[in-house]
Every structure is written in C-alpha cells, then in structure tokens.
Amino acid sequence: MSYFSKALEIQEKSLSSTHRDLANVYNNMGAVQDSLGNYSMALSFYKKVLEIREKVLPAVHIDLAIIHLNIGITHYRMKNYSTTLLHFQKTFENQEKCFSPTHIMLADICDKIAMTYYSMKNHSNALLHYQTSLNIRQKSSQSIRPDTAVNFYNIAKTFEHLNQYHEAIEYAQKAVDMARLLFECDHSEVKENQEYLDKLRQEL
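Residues 474 to 677 in the working numbering are what the sequence shown spells out, letter by letter.
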C-alpha cells in the first residue's frame, strides 16, 4: 500500500487531474482497499477513477465498463444491492457495445447481475439473467468450461427456490454432466454437483 501511496503523491504533483496514469493509480489504491475490506475507502478511490475516465474517454469504452464493474463489486460486498445493479447494468451496456454478442465477458456480467438478484431473493430476475448468461456461453466457442457447469448449478438452485423441482433436477443433471466432461470422477466439483442432484431427487 505504501508503494501506491508514494506513487499517488508523486503523480498528483506531476500530472494533470485528468491524466490516465493518475486514474490507474487511484484504481490500484481502490483495489487494495477493497481487498482489505475497507469498502468505503475503496469506493472513494474508484469514484475518482470514474470521474477522470468519464471526462477523458468516449461514452463507450472498456475502461468505463471495468470501473463500473469494480464499483459494483464493492457495493455488492457492502450489500448495497440496488446500487450494485446500477453499476453492473452500466458495465453490461458498455460491454454490449464493445464486444460480440457471444463474448464470454457478457456472460460473466450477466452472472453477476443474476447473483445480485439472487442475494435480494428476487429469484425470477435471477433466473432470467442466469439463463441469459447460459445462452451466451452456449453460443460462444468456449461453451465447455467450468463456468458453464457453475451456470447450470446456479440455474438449478434458482429453480429450487422457485419450488420448480423438476426443472432444478434437469439443470443439476446438466451441471453433473458438464463437470464430468471437465474433471476426473473423484474431483470435488463432480462430487458436489452429484450430491446436490441427489438431494433434489430426494425432495421430490
């Protein structure tokens, strides 16, 4: 942290208030504070990054998507879910204009939006966004990967909360099948997915 503090002190003296390097140092300081659990301090740095980037970058730019993502993640950790959704949605809108419709980054941010709705116990909206994420993954060239197995599992969990057990079992089975494609039979991911599937079957 002292390294970044010294770098910030030097660059605040030598650079203009809207210089890109200054924004990068603020971003690093925010990330360090976030990792230490100092979320309010992290947000104060991230907001400085956002102010600079909004002044010097075009409205559609990946660096704007990233800073909204960072702010959203910190608000999520603070359980400020409505604010989290606002920033995650801005990330999605920006990424949607930067990437192809099947880019894996779009699936990742849809997952985060779904996760936030899930934490708010808004399971219908969580399901909608988990399914959107899955659709993107399945259309991409990287559909067979651990994230897809997690996506199936999350959809199953959400269906379970909606008391739709047949659908939950369907997706839990897909999570098991995907995990078996990716890992050895004794891998923890395979075991955990299988245990969850067995639990759902017992609840029917």
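Even glycine gets a Cβ: it sits at the ideal position worked out from N, Cα and C.
DSSP places I546 inside the alpha helix (DSSP H), whose first and last residues are I535 to R550. Under the DSSP assignment, I525 falls in the alpha helix (DSSP H) whose first and last residues are Y512 to V529.
A Cβ-Cβ separation of about 21 Å leaves L579 out of contact with T547 under the 8 Å criterion. For L509, there is no enclosing alpha helix (DSSP H), as DSSP gives it neither H nor E.
Residue nearest to E665 within the set N627, N636 and F632 is N627 (criterion: CA-CA distance). Of the candidates F518, K563, K521 and R550, K563 places its Cα closest to the Cα of A532.
In this model, Q568 and I535 are separated by some 7 Å (Cα to Cα).
The C-alpha of D584 is placed about 8 Å away from the C-alpha of N624.
In terms of Cβ geometry, R618 and L655 form a close pair [threshold 9 Å]. Leaving aside the five residues that flank A587 on each side, the residues in its chain whose CB is nearer than 6 Å to its CB run, in chain order, A599, H602 and Y603.
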